[in-house]
Every structure is written in C-alpha cells, then in structure tokens.
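Working notes, beginning with the structure itself.
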Amino acid sequence: KVSGAVQVVQLARAVCADDKLIKELESWTVPVFPVKGLDLMECGVQRGPKMKLTLTYLFELWQKSRYKMSREELLKHALDDAIPDPPSPIRAPKKRRHEEEA
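Numbered as in full-length UniProt numbering, the sequence shown ends at 102 without a single skipped number.
Shown next as structure tokens:
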C-alpha cells in the first residue's frame, strides 16, 4: 500500500513541480498526535464518550497550534470547561410484565 506522502510526491512529479518542492515534500514527515487515551486516564478523564470528546478537543487545539503543542502542553487542557459533556443516554422505558388473570 502506498502512503499518502508517497502519493503527494508522485503527484508533484506528475505535474512537473520543481525539484526544490519535490525534495521538500520528500523530507516532510507527518506529525503524530502525541496524546493517547491512557494519558487522559492518568489525568482523570473517564473512558468512553467523555474521553472521545476530550481527544477531539485536544486534537483541534493541536491543529490550531500548527501541530506544535507538546503532549505536556495538551494535557494541561484535558479538563478544560470548554470540553462538552457527553449527551445522556436515552433509555427506552422498561417493559412491565402483565400477569395473566385466572
């Protein structure tokens, strides 16, 4: 399977991009999001929907920082008030057993 980075370089060559740009594209590395669920658990974030919302929030902060924020900087925001609470699960009412009349 060809990676996205390789495909970008191939596309640049196909459209006759200059060599300087191609070399820059070849040396570019994809940033890796530095926060994992275990990190959030250690900060007190509950597993489940709240963790997903927190990861999304931190990922958006990381994007806005142009992928510069470190793991430690991001984890300082793990309990921000701006992180929404997950919606309450909607449960169907329990079915009641009807006793047969004799």
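Ideal Cβ placement from N, Cα and C applies to all residues, glycine included.
* Would residue 106 pass as a contact of Pro-34 if the rule is Cβ separation under 7 Å? -> The displayed coordinates of the chain run from 1 to 102. Any statement about residue 106 would go beyond what the structure contains.
* To do: Less than 8 Å between the CB atoms is what I'm expecting for Leu-61 and Leu-74, so what's the real figure, rounded?
  => 6 Å
* For Glu-26, which residues from the same chain have a beta carbon less than 7 Å from its beta carbon, with the 5 sequence-adjacent residues on both sides left out? -> The residues are Val-9.
* Asked: Do Thr-54 and Ala-78 come within 7 Å of each other at the CB atom, strictly closer than that value?
  -> Yes, they are a contact pair.
* To do: Please state whether DSSP places Gly-44 in a helix, a strand or coil.
  => Of the three classes helix, strand and coil, the one that applies to Gly-44 here is coil, per DSSP.
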